[in-house]
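S.K.: Structure in structure tokens, see below.
Number of protein chains: 2
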Amino acid sequence: MVKQLTLYSAKVCPWAHRTELALKESGLPYKRYEIDLTAKPEWYAPKVNPASKVPAIAYGGPDVDPAEPSPDSVKLAESYVLLEFIADLSASTKPLLPSDPVARAKARFFVETVISKWGSVWYGIQNRGDDPSGILPAIEVLQNLLPAEGYAVGDWSIADAAVTPFIARAFVSLKNDAGAYAEGSGKKLYETLQSDPKYARLRQYYADVSGRDSFKETFFEDYLAERYIQRAATLRAEKKAKV
Amino acid sequence: MVKQLTLYSAKVCPWAHRTELALKESGLPYKRYEIDLTAKPEWYAPKVNPASKVPAIAYGGPDVDPAEPSPDSVKLAESYVLLEFIADLSASTKPLLPSDPVARAKARFFVETVISKWGSVWYGIQNRGDDPSGILPAIEVLQNLLPAEGYAVGDWSIADAAVTPFIARAFVSLKNDAGAYAEGSGKKLYETLQSDPKYARLRQYYADVSGRDSFKETFFEDYLAERYIQRAATLRAEKKAKV
Numbered sequence: 001m002v003k004q005l006t007l008y009s010a011k012v013c014p015w016a017h018r019t020e021l022a023l024k025e026s027g028l029p030y031k032r033y034e035i036d037l038t039a040k041p042e043w044y045a046p047k048v049n050p051a052s053k054v055p056a057i058a059y060g061g062p063d064v065d066p067a068e069p070s071p072d073s074v075k076l077a078e079s080y081v082l083l084e085f086i087a088d089l090s091a092s093t094k095p096l097l098p099s100d101p102v103a104r105a106k107a108r109f110f111v112e113t114v115i116s117k118w119g120s121v122w123y124g125i126q127n128r129g130d131d132p133s134g135i136l137p138a139i140e141v142l143q144n145l146l147p148a149e150g151y152a153v154g155d156w157s158i159a160d161a162a163v164t165p166f167i168a169r170a171f172v173s174l175k176n177d178a179g180a181y182a183e184g185s186g187k188k189l190y191e192t193l194q195s196d197p198k199y200a201r202l203r204q205y206y207a208d209v210s211g212r213d214s215f216k217e218t219f220f221e222d223y224l225a226e227r228y229i230q231r232a233a234t235l236r237a238e239k240k241a242k243v
Numbered sequence: 244m245v246k247q248l249t250l251y252s253a254k255v256c257p258w259a260h261r262t263e264l265a266l267k268e269s270g271l272p273y274k275r276y277e278i279d280l281t282a283k284p285e286w287y288a289p290k291v292n293p294a295s296k297v298p299a300i301a302y303g304g305p306d307v308d309p310a311e312p313s314p315d316s317v318k319l320a321e322s323y324v325l326l327e328f329i330a331d332l333s334a335s336t337k338p339l340l341p342s343d344p345v346a347r348a349k350a351r352f353f354v355e356t357v358i359s360k361w362g363s364v365w366y367g368i369q370n371r372g373d374d375p376s377g378i379l380p381a382i383e384v385l386q387n388l389l390p391a392e393g394y395a396v397g398d399w400s401i402a403d404a405a406v407t408p409f410i411a412r413a414f415v416s417l418k419n420d421a422g423a424y425a426e427g428s429g430k431k432l433y434e435t436l437q438s439d440p441k442y443a444r445l446r447q448y449y450a451d452v453s454g455r456d457s458f459k460e461t462f463f464e465d466y467l468a469e470r471y472i473q474r475a476a477t478l479r480a481e482k483k484a485k486v
């Protein structure tokens, strides 16, 4: 029997986006509830996720209004834990991980390795204004781990769900030159990534993952671009004021 | 058919210890090869793990001398990836994770949460000389996530494998007062952890996990104590020289 599943998410958050991609691909029915991260509902931490972060899932229990979570549902958190959870739930109906242990290990290694290179480096670029080209080593790691064509480990899997939101958000930032970094440096890197033969594998991979319905239905480029542009203006003004 | 499995490990390393616990519990046949982390064999990075860390596994291919790894085996790395790999390999013969998706998510959440609180804090205590009592919040997180009795999620699982090596090493350090921290502060905290009713759950959990054969066969307390004591003397001397 399929139990009720409610996802607490936020359009802006790459960690939450991971779980939306996996849920869409799984075909499992679920409700989605947007959490405004700048004004979290006061019931969210005590009733859903004590760490007060998205994503979180309420699973099982009665079918209630997501804004009034039931104590009878199980609450789960941490985006990669949720990806594995979704893959476990849909294992027999729509596999989101290969069945071969070696391929599963490669999927998990892909996530661990790409995100450990990408995460904190990109944070520094976007929020502290480090040079955007600092992301290139992470892109090279990604390209080296990808097979010659297709997804991370054969069919689309939670490994792709885990990584795609970060590439997508980096592209929105760079394309719009919308980060704390020096003006012009984002667009310049974006053009390189879009044209240099060296990054052909990245482009093809991104075309593959972003061409899927799961992505189109869960990614809000204009919404993100607007927020990034506003935030970049604030960060750059703060930087100038400090000089 | 069971394929050959070779584990590259190091007695001193908690990340490697995780995989030894899981392999022992799995009942899978394997070879173990000790890597001297202070003098790694020159073939290790190019032929086994480009990141040059332990643990790593060579799986499949011909049954060769571990010091002459075959290009025909698959090489896998990252300790938590390897724990899931071992659990996948032994799923039908000796389950090392529960089968229920919610219980599996709780196991993974346990690891993620405890290690993210424990890892870097303990590193600061042991190597930079931060006050050992800084580990208490991580211990409280661990105690709060544990059920009233038994292991992290029912039967012993890879969640216990992931966490046990860190508790074991902290105890060796504190008991011997063997870290970069102020002399006496380790022993003092150790006595508190061994006697204060507040830490009864930690003590019982550690008695349970360390009482298993898998632990007794893979943990080398005297060896670790000796190394920690030597290293602490060096770190404390360096600290004094700086003052």
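Chain order of the listed sequences is A and B.
Residue numbers are given in this note's numbering: position 73 of the first sequence equals residue 73, and the series is strictly consecutive.
Residue numbers are given in this note's numbering: position 165 of the second sequence equals residue 408, and the series is strictly consecutive.
Just so it is clear, CB atoms sit at the ideal spot from N, CA and C, and this is done for glycine as well.
Per DSSP, what kind of secondary structure is Leu7(A) in: helix, strand or coil?
M.R.: If DSSP states are grouped into helix, strand and coil, Leu7(A) belongs with the strands.
S.K.: If the criterion is Cβ atoms closer than 8 Å, does the pair Ile135(A) and Val121(A) meet it?
M.R.: Yes; because the gap between Cβ atoms is below 8 Å, this pair is in contact.
S.K.: Unbroken alpha helix (DSSP H) runs of length 4 or more, entirely within the stretch 301-358 of chain B: which are they?
M.R.: Qualifying alpha helix (DSSP H) stretches, in chain order: 322-332.
S.K.: Give, in chain order, every residue of the stretch 77-92 of chain A whose Cβ lies closer than 8 Å to some Cβ of chain B.
M.R.: Of all residues in the stretch 77-92 of chain A, Ala77, Glu78, Tyr80, Val81, Leu82, Glu84, Phe85, Asp88 and Leu89 have a Cβ within less than 8 Å of some Cβ in chain B.
S.K.: Tell me, to the nearest whole angstrom, how far the beta carbon of Pro312(B) is from that of Val291(B); I am working on the premise that it is less than 8 Å.
M.R.: Pro312(B) to Val291(B), Cβ: 5 Å. Contact.
S.K.: Can you list, in chain order, the stretches of the beta strand (DSSP E) that have 3 or more residues and sit fully within the stretch 6-52 of chain A?
M.R.: Here the runs fully enclosed are 31-34.
S.K.: Pairing CB atoms from the stretch 313-321 of chain B with CB atoms from the stretch 379-395 of chain B, are three or more of them under 8 Å?
M.R.: Touching, no, given that fewer than three Cβ pairs across the two stretches are closer than 8 Å.
S.K.: Cα separation between Lys188(A) and Ile300(B)?
M.R.: Roughly 42 Å separates the two Cα atoms.
S.K.: Residues of chain A with a CB under 8 Å from the CB of Ala348(B): which are they?
M.R.: Residues of chain A passing the Cβ test: Leu76, Val81, Leu82, Glu84, Phe85 and Asp88.
S.K.: Around the C-beta of Glu217(A), are 16 or more other C-beta atoms found within 10 angstroms, so that it is buried, or is it exposed?
M.R.: Exposed, because fewer than 16 other Cβ atoms sit within 10 Å of the Cβ of Glu217(A).
S.K.: Helix, strand or coil: how does DSSP classify Val396(B) here?
M.R.: Note: Val396(B) maps to strand in three-state DSSP.
S.K.: Please report the straight-line C-alpha distance between Phe166(A) and Tyr433(B), rounded to a whole angstrom.
M.R.: C-alpha separation (whole angstroms): 43 Å.
S.K.: Quick check on Pro101(A) - is its C-beta less than 8 Å from some C-beta in chain B?
M.R.: Yes, Pro101(A) counts as interfacial toward chain B.
S.K.: Measuring CA to CA, which of Leu23(A), Ala152(A) and Tyr199(A) is closest to Glu84(A)?
M.R.: Per the Cα distances, Leu23(A).
S.K.: Measure from the C-beta of Glu434(B) to each C-beta in chain A and report whether the shortest distance is under 8 Å.
M.R.: Answer no: the Cβ-Cβ gap between Glu434(B) and chain A never drops below 8 Å.
S.K.: Going along chain B in order, which residues have a C-beta closer than 9 Å to the C-beta of Tyr59(A)?
M.R.: The answer, in chain order, is Pro344, Val345 and Ala348.
S.K.: Who are the Cβ neighbours of Glu183(A) in its own chain at under 8 Å, not counting the five residues just before and after it?
M.R.: Cβ neighbours of Glu183(A) beyond the five flanking positions: Asp177 and Arg236.
S.K.: Rounding to the nearest angstrom, what Cα-Cα distance links Ala334(B) and Pro380(B) in this structure?
M.R.: Near 34 Å, if we compare the C-alpha coordinates of Pro380(B) and Ala334(B).
S.K.: Using a Cβ-Cβ cutoff of less than 7 Å, which residues in the same chain neighbour Leu97(A) once the five nearest sequence positions on both sides are dropped?
M.R.: Answer for Leu97(A): Ala87, Arg104, Ala107, Ser157 and Ile158, listed in chain order.
S.K.: Could you tell me whether the Cβ atoms of Pro66(A) and Lys40(A) are closer together than 8 Å?
M.R.: It is not a contact, given that the beta carbons lie outside the stated cut-off.
S.K.: At what residues does the alpha helix (DSSP H) containing Thr218(A) begin and finish?
M.R.: Where Thr218(A) is concerned, there is no enclosing alpha helix (DSSP H), given that its DSSP letter is neither H nor E.
S.K.: Do we get a CB-CB distance below 8 Å when we pair Arg18(A) with the residues of chain B?
M.R.: So, not an interface residue.
S.K.: Quick test of your reading: Ser438(B) and Asp374(B), contact by CB under 8 Å. State the CB separation rounded to the nearest angstrom.
M.R.: Not really, about 19 Å apart at Cβ, beyond 8 Å.
S.K.: Taking 7 Å as the limit between beta carbons, can you name the residues of its chain near Ser295(B), skipping five residues before and five after?
M.R.: Counting only Cβ-Cβ distances below 7 Å, and skipping sequence neighbours, we find Lys283, Tyr287 and Ala288.
S.K.: Span of the alpha helix (DSSP H) holding Val2(A)?
M.R.: Per DSSP, Val2(A) belongs to no alpha helix (DSSP H) and is neither H nor E.
S.K.: Going by DSSP in three states, Ala391(B) sits in which element: helix, strand or coil?
M.R.: Coil at Ala391(B), not helix or strand.
S.K.: Measure the Cβ-Cβ separation of Ala168(A) and Phe219(A) and say whether it is below 8 Å.
M.R.: Against a cut-off of 8 Å, the Cβ pair of Phe219(A) and Ala168(A) comes out as a contact.
S.K.: Check whether the Cβ atoms of Ala16(A) and Ser116(A) lie closer than 8 Å to each other.
M.R.: Not in contact: Ala16(A) and Ser116(A) (Cβ atoms no closer than 8 Å).
S.K.: From the DSSP output, in three-state form, read off Ala413(B) for me.
M.R.: In this structure, Ala413(B) counts as helix in the three-state DSSP scheme.
S.K.: Pick out whichever of Val54(A), Pro50(A), Lys175(A) and Lys3(A) has its Cα sitting closest to the Cα of Glu20(A).
M.R.: Closest option to Glu20(A), Cα to Cα, is Val54(A).
S.K.: Please compile the residues from chain A whose C-beta is within a distance smaller than 7 Å of the C-beta of Arg351(B).
M.R.: What Arg351(B) touches in chain A: Val81 and Glu84.
S.K.: Measuring only the C-alpha atoms, how far is Ser210(A) from Arg227(A)?
M.R.: If you take the alpha carbons of Ser210(A) and Arg227(A), they lie about 21 Å apart.
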